[in-house]
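Visitor: Dumping the structure here so I can ask a few things about it.
In the working numbering, the protein residues as written are 370 to 818.
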């Protein structure tokens with residue numbers, strides 16, 4: 370037991386090495402014992418090498434520990450030299466505890482990965498992740514079904530199946546939303562985001578088949594449109610039908626046959642004249658309504674080009690200068706950054722902004738301190754936006770849900786087509802138009818590209 374600890378073994382080896390060196394020197398000095406001296410020299414050299422190995426065992430242990438961590442070999446253990454002393458046992462225990470912590474962390478990581486993978490595979494949204502080379506790192510069953518590729522390792526394989534979808538995946542930017550029709554049963558809504566892992570760039574894409582929702586939305590839209598059409602047409606046709614019946618009664622009662630001609634009283638003529646004027650007004654109103662509907666349903670495809678937003682706002686200010694002056698409204702424009710550009714149809718976007726600014730000016734026209742502020746900039750995803758803010762009376766919550774429906778209006782002389790037309794134009798640009806409003810505080814309309 371005396372020689373079991375590290376210090377005792379070192380001391381013993383030094384004593385033995387000292388004796389070997391002494392004997393070797395003695396034999397070399399005795400010329401008659403050269404062979405014995407050489408043999409003792411070799412024994413001494415072996416003892417020195419063994420001493421070096423013994424004293425560097427800790428370094429080798431640390432190296433083995435670090436390599437275990439480096440290569441994730443957490444099954445290794447350190448117990449062989451516990452008998453060399455308390456310090457060695459404590460070091461081994463520390464190594465073993467660290468490796469056990471790594472083992473638990475890896476096990477928890479694998480369990481967490483399995484949990485996330487199970488969740489990803491069972492969600493109703495298709496999920497796809499790929500790197501710059503197109504190599505797919507993650508894909509769930511829903512995405513495979515929507516892409517019609519049960520087995521796929523690289524999005525380059527989509528070229529042969531759906532070249533349009535492949536181009537969309539390659540060109541879609543972070544935060545953008547796209548639509549792609551696969552067939553009559555599948556209409557994909559696509560949303561993308563970007564991320565970096567281990568220094569590599571990845572694109573994460575979510576797919577969702579919105580065909581059923583679109584069909585239901587289409588049905589709802591047609592129902593709403595039918596209600597509006599029925600309402601407007603009945604508003605015009607009911608008085609026309611009533612007046613026609615009244616005029617017929619007047620003619621029946623007032624018209625008198627005299628010899629070879631007809632006569633009618635002056636009151637009867639006045640009634641007929643007034644009735645015909647009313648029919649004319651209602652007919653013109655109906656024609657105006659039909660023209661507005663035709664305008665809404667025949668928007669041309671956008672002719673996109675890059676243009677500066679500040680120049681567009683200057684043009685709008687020039688066009689509306691007289692109306693603004695008459696309304697006694699304070700109108701300001703800000704663009705940040707100054708040289709902000711947008712890729713869109715400039716004429717259509719101008720039409721949208723004129724409509725929004727005009728609505729805002731009308732909303733504050735009755736206020737002594739009416740203000741309209743037009744701000745343009747880019748959000749955190751570098752998507753350009755323009756917002757039109759006013760300090761008018763705001764929009765009641767019930768109306769907020771209706772204002773983008775064609776022909777719905779809260780104004781006495783409004784056609785109800787402006788905001789619906791603006792939303793349709795923004796949809797043609799793959800953009801959005803939204804409104805935030807608070808009663809008695811004002812409204813903010815925002816278009817985003």
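Where is the CB? At the ideal position from N, CA and C, for every residue including glycine. Quick caveat, the model's predicted, so the values are computed rather than measured.
Does the distance from the C-beta atom of residue 574 to that of residue 460 stay below 7 Å?
Guide: Not in contact: residue 574 and residue 460 (Cβ atoms no closer than 7 Å).
Visitor: Consult DSSP for residue 806 and reduce its assignment to one of helix, strand or coil.
Guide: Strand at residue 806.
Visitor: Looking at residue 445 and the ligand GDP, is the gap between the Cβ and the nearest heavy atom below 6 Å?
Guide: This structure does not include the ligand GDP; it has no bound ligands of any sort.
Visitor: Determine the burial state of residue 414: buried for a count of at least 16 other Cβ atoms within 10 Å of its Cβ, exposed for fewer.
Guide: With fewer than 16 Cβ atoms within 10 Å of its Cβ, residue 414 is classed as exposed.
Visitor: Given 8 Å as the limit, is there contact between the region 736-753 and the region 695-712, that is, 3 or more CB pairs closer than that?
Guide: Yes, since at least three Cβ pairs between the region 736-753 and the region 695-712 fall closer than 8 Å, the two stretches touch.
Visitor: For residue 701, write down the residues that DSSP places opposite it in a beta bridge.
Guide: The partner list for residue 701 (beta bridge, DSSP) reads 742.
Visitor: The beta strand (DSSP E) with residue 571 in it runs from where to where?
Guide: Its beta strand (DSSP E) spans residues 569-578.
Visitor: Based on the DSSP output, what are the partners of residue 363 in its beta bridges?
Guide: A question about residue 363 goes unanswered here, because the residues of the chain that appear run from 370 up to 818.
Visitor: CB-CB under 6 Å to residue 787, same chain, minus the five flanking residues each way: which ones, in chain order?
Guide: Result list for residue 787: 724, in chain order.
Visitor: If you measure between the beta carbons of residue 623 and residue 633, is that distance less than 7 Å?
Guide: Their beta carbons are under 7 Å apart, which means residue 623 touches residue 633 by this criterion.
Visitor: At the level of alpha carbons, what is the spacing between residue 638 and residue 775?
Guide: Each residue's Cα considered, the two are about 40 Å apart.
Visitor: Return helix, strand or coil for residue 596, following the three-state DSSP convention.
Guide: Residue 596 falls in the helix class under three-state DSSP.
Visitor: Report the CB separation of residue 772 from residue 808 in whole angstroms; it is logged as a contact under 8 Å.
Guide: Not confirmed; about 14 Å, so no contact.
Visitor: Would you check if the distance between the CB atom of residue 754 and the CB atom of residue 815 is smaller than 7 Å?
Guide: It is a contact, given that the beta carbons lie within the stated cut-off.
Visitor: Is residue 501 near residue 570, with beta carbons less than 7 Å apart?
Guide: For residue 501 and residue 570, yes; Cβs fall inside 7 Å.
Visitor: Output yes or no for whether 7 Å exceeds the beta carbon distance between residue 793 and residue 668.
Guide: Result yes, Cβ atoms of residue 793 and residue 668 sit closer than 7 Å.
Visitor: Kindly indicate which residue of 579, 673, 713 and 563 has the alpha-carbon position closest to the one of residue 556.
Guide: Residue 556 has its Cα closest to that of 579, out of 579, 673, 713 and 563.
Visitor: Tell me which residues share the same chain as residue 387 and place their Cβ nearer than 8 Å to its Cβ, disregarding the 5 neighbours each side in the sequence.
Guide: Here the set comprises nothing.
Visitor: Can you tell me which of 649, 727 and 509 puts its alpha carbon nearest to the alpha carbon of residue 487?
Guide: Looking at the Cα atoms, 509 is the closest of the given residues.
Visitor: Exposed or buried, residue 768, counting other C-beta atoms within 10 Å across all chains shown (16 or more means buried)?
Guide: By the 10 Å Cβ count, residue 768 comes out exposed.
Visitor: According to DSSP, is residue 371 helix, strand or coil?
Guide: For residue 371, the pLDDT reaches just 37, beneath the cut-off of 50, and the residue's location in the model is therefore unreliable, although a value from the coordinates is still provided. Coil.
Visitor: Among 810, 418 and 544, which one has its Cα closest to the Cα of residue 564?
Guide: Of the listed residues, the one whose Cα sits closest to residue 564 is 544.
Visitor: Below 8 Å CB to CB, which residues in the same chain sit around residue 678 once its five sequence neighbours on both sides are set aside?
Guide: Only 704, 709, 710, 711, 745, 753 and 755 meet the Cβ criterion.
Visitor: Excluding five sequence neighbours on each side, which residues of the same chain lie with their C-beta closer than 6 Å to the C-beta of residue 379?
Guide: Once the five neighbours on either side are set aside, residue 379 has no close Cβ partner at all.
Visitor: If we count the other Cβ atoms within 10 Å of its Cβ and call it buried at 16 or more, is residue 715 buried or exposed?
Guide: Classification of residue 715: buried, given that the 10 Å Cβ count is 16 or more.
Visitor: Which whole-angstrom value is the C-beta distance of residue 537 and residue 547, which I expect to be below 8 Å?
Guide: Correct: roughly 5 Å between the Cβ atoms.
Visitor: When burial is assigned at 16 or more other CB atoms within 10 Å of the CB, is residue 631 buried or exposed?
Guide: Exposed, because fewer than 16 other Cβ atoms sit within 10 Å of the Cβ of residue 631.
Visitor: Please report the distance separating the alpha-carbon of residue 445 from that of residue 437.
Guide: Taking the straight line from one Cα to the other gives about 7 Å.
Visitor: May I ask which residues mark the beginning and end of the beta strand (DSSP E) holding residue 560?
Guide: Segment 556-566, the beta strand (DSSP E) holding residue 560.
Visitor: In three-state terms, what does DSSP make of residue 759?
Guide: The answer is strand: DSSP assigns residue 759 an E or B state.
Visitor: Residue 710 lies in the beta strand (DSSP E); which residues open and close that run?
Guide: Start and end: 710-713.
Visitor: CA-CA distance, residue 466 and residue 517?
Guide: Their Cα atoms are separated by approximately 49 Å.
Visitor: Quick check: what's the CA-CA separation for residue 636 versus residue 642?
Guide: Each residue's alpha carbon lies about 10 Å from the other.
Visitor: Check the DSSP bridge columns for residue 674 and list the partner residues they point to.
Guide: Beta-bridge pairing links residue 674 to 713.
Visitor: Assign residue 393 to buried or exposed, taking buried as 16 or more other Cβ atoms, counted over all protein chains shown, within 10 Å of its Cβ.
Guide: Buried is the call here.
Visitor: Taking residue 576 as the reference, which of 608, 683, 522 and 511 has the closest Cα?
Guide: Among 608, 683, 522 and 511, the Cα nearest to that of residue 576 belongs to 511.
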